[in-house]
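*Asks:* The structure under discussion is supplied below as structure tokens; questions concerning it will follow.
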Amino acid sequence: MRAGPLQEEREMASTTRLRLLSITAAAIVLGAVGTPAARAQLNQSRCADCHFANPYTEPAQNHLHEWSMSPHRRGGVGCDRCHGGNPGTFESLQAHRGVLGSQNPSSPVHRTRLPSTCGACHIGPYVNFQASRHHELLIQGDRRVPTCSTCHGSVNGRLLSPEGLERQCSECHGPGGIEPRPGRAADARLLLEGIGEVRESLDAARHLIDRVRDGDRRDGLEEAYLQTEVPLIEARRAGHRFVFDQLQERLATARERVAALLTELVNPSR
Ligand code: HEC
Ligand code: HEC
Ligand code: HEC
Ligand code: HEC
Ligand code: HEC
């Protein structure tokens, strides 16, 4: 099954388990998920091993497949990180201690608790989501509002296209939806398109910067690149407020900076 470096990680994990646990704890505190330590810990997970051996029902079978194809598996995020339980044992009773079905309001994967469960790792989206009317109503138990999995899926970390996002908003805010709000869905699509455009320009700048030979000039350009990427990342996160003033401001800043960066690349000022 697993071979090479992964096998080595697993062996290292069993011989120096204590040390690894403390490294992993430090990685969690720092929010450094997806590190080699996190992936080594995933190798210790009995949850996935047993569930793959007993793919007992639909839709859990799809869920396993989605997990195996997801950025979560690649990033070392095992089942227990969303569901709880003890990933270090094959003994079913012990393994499932604290694991509750998603319909149970105390479960970490119940819709009202997903923001804090997912948000433990995705702090930027979570902080912004908490500022939204959606969140306010969600934690009161309102079934009409979206939660993280509405747009991203339960485990696959899917990212919606601009059109997909427009459709998602429209399900509730379109004509005939439960809360018709003309324009909201179209705004969301336009802004996500804007984020995509700036990302493309920034990728183009990346290729040009990589071809610059002069070290000093390149350092300056790298700095300008970072100064452009930061507001773009912030814009994406700010979208989780669903009131888009902050997103618009961050996106406008990123757009100005990428234009200046491309001008400087094509037409050096010195
Ligand atoms: C020894 C095999 C085995 C291990 C280890 C195991 N599971 Fe399970 N799990 C099952 C089986 C079989 C079921 C379905 C029957 C049942 O509910 O007991 C199940 C059910 C579940 C359910 C559905 C619960 C519900 O109420 O609908 C979840 C969620 C789950 N497991 C998560 C986990 C997590 C997380 C871990 C690791 C911490 C884990 N499992 C470890 C075999 C296992
Ligand atoms: C990123 C978070 C996340 C990870 C990682 C994850 N799950 Fe889930 N899982 C969920 C959510 C959320 C649901 C709720 C159902 C839904 O929204 O479709 C769920 C539902 C389930 C169910 C159906 C029973 C229920 O409680 O609804 C089972 C069984 C299950 N997961 C097992 C697993 C196993 C086994 C793994 C690892 C291979 C895993 N999950 C990894 C988030 C996750
Ligand atoms: C234990 C930490 C952890 C938890 C809990 C977690 N994630 Fe993730 N998530 C990650 C890692 C690691 C990645 C892969 C690296 C990355 O892209 O940031 C990832 C990737 C993603 C992505 C893709 C990001 C991108 O830029 O492509 C989305 C979307 C996502 N997760 C949503 C969720 C949702 C929704 C939940 C809850 C149901 C959740 N995550 C729970 C750690 C976590
Ligand atoms: C109504 C839809 C919607 C909901 C609800 C939603 N998101 Fe997002 N999320 C998006 C969109 C749109 C993007 C930007 C996608 C892109 O840039 O391609 C995004 C991006 C992300 C990303 C990748 C960017 C980043 O900053 O890392 C993560 C992770 C993420 N969301 C997590 C969450 C979490 C956690 C929740 C719940 C607290 C949540 N999302 C709720 C639509 C949603
Ligand atoms: C699952 C249904 C659902 C989805 C999907 C959804 N919303 Fe909402 N939204 C609601 C509900 C319900 C309210 C609560 C209205 C109220 O009572 O205040 C709300 C409130 C809002 C509000 C605050 C109230 C207002 O109109 O000023 C904004 C803004 C908003 N949604 C924008 C969006 C955007 C943009 C999207 C897509 C990215 C989206 N919503 C997706 C159900 C949804």
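To convert, count from 1 in the sequence shown and add 1487; that's my numbering.
Note that the Cβ used here is the ideal one computed from N, Cα and C, for glycine as well.
From which residue to which residue does the alpha helix (DSSP H) around D1536 run?
*Replies:* Within the sequence shown, residue 1536 is the residue found at index 49, counting from 1. Where D1536 is concerned, the enclosing alpha helix (DSSP H) stretches over R1533 to A1540.
*Asks:* If you measure from each CB to the nearest heavy atom of ligand 4 and keep those under 6 Å, what residues do you get, in chain order?
*Replies:* Proximity to ligand 4 was defined by a C-beta distance below 6 Å to any of its heavy atoms, and the residues meeting it, in sequence along the chain, are P1602, C1605, G1606, H1609, G1611, P1612, Y1613, F1616, P1633, C1635, T1637, C1638, H1639, L1646, L1647, L1652, Q1655, L1679, I1682, R1723, R1724, G1726 and H1727.
*Asks:* Which residues mark the beginning and the end of the alpha helix (DSSP H) in which R1676 is found?
*Replies:* Against the sequence shown, residue 1676 aligns to sequence position 189. Counting along the chain, the alpha helix (DSSP H) containing R1676 begins and ends at R1671 to D1697.
*Asks:* Please confirm whether any heavy atom of ligand 2 lies closer than 8 Å to the CB of R1568.
*Replies:* Walking along the sequence shown from the start, residue 1568 turns up at place 81. Result yes, Cβ under 8 Å from ligand 2.
*Asks:* Report yes if the CB atom of P1602 is closer than 9 Å to the CB atom of Y1613, and no otherwise.
*Replies:* Looking up residue 1602 in the sequence shown gives position 115. Looking up residue 1613 in the sequence shown gives position 126. The answer is yes: Cβ separation under 9 Å.
*Asks:* Give me, in chain order, the residues of the same chain whose beta-carbon lies closer than 7 Å to that of A1673; leave out the 5 immediate sequence neighbours on both sides.
*Replies:* Taking the first residue of the sequence shown as 1, we reach residue 1673 at position 186. Cβ contact annotation for A1673 (same chain, cutoff 7 Å, sequence separation greater than five): E1653, in chain order.
*Asks:* Between the stretch 1614-1623 and the stretch 1586-1594, are three or more C-beta pairs nearer than 8 Å?
*Replies:* In short, these stretches do not touch, since the Cβ pair count stays below three.
*Asks:* May I ask you to check if the CB of H1559 is nearer than 8 Å to at least one heavy atom of ligand 3?
*Replies:* Taking the first residue of the sequence shown as 1, we reach residue 1559 at position 72. Checking the Cβ of H1559 against ligand 3 gives yes.
*Asks:* Would you check if there are 3 or more beta carbon pairs closer than 8 Å linking the stretch 1561-1576 to the stretch 1659-1674?
*Replies:* Fewer than three Cβ pairs drawn from the stretch 1561-1576 and the stretch 1659-1674 lie within less than 8 Å of each other, which leaves the two stretches out of contact.
*Asks:* Quick one, are the C-beta atoms of L1719 and L1748 less than 9 Å apart?
*Replies:* Position 232 of the sequence shown holds residue 1719. Position 261 of the sequence shown holds residue 1748. Not a contact, by the Cβ cut-off of 9 Å.
*Asks:* What is the C-beta distance between A1535 and G1565, in whole angstroms, given that I count them as a contact (C-beta under 8 Å)?
*Replies:* Here residue 1535 is taken as the residue at index 48 of the sequence shown, counted from 1. Here residue 1565 is taken as the residue at index 78 of the sequence shown, counted from 1. With 8 Å as the limit, A1535 and G1565 qualify as a contact, their Cβ atoms being about 6 Å apart.
*Asks:* By DSSP, does L1587 sit in helix, in strand, or in coil?
*Replies:* Here residue 1587 refers to the residue found at position 100 when the sequence shown is read from its first residue. Reduced to three states, the DSSP call for L1587 is coil.
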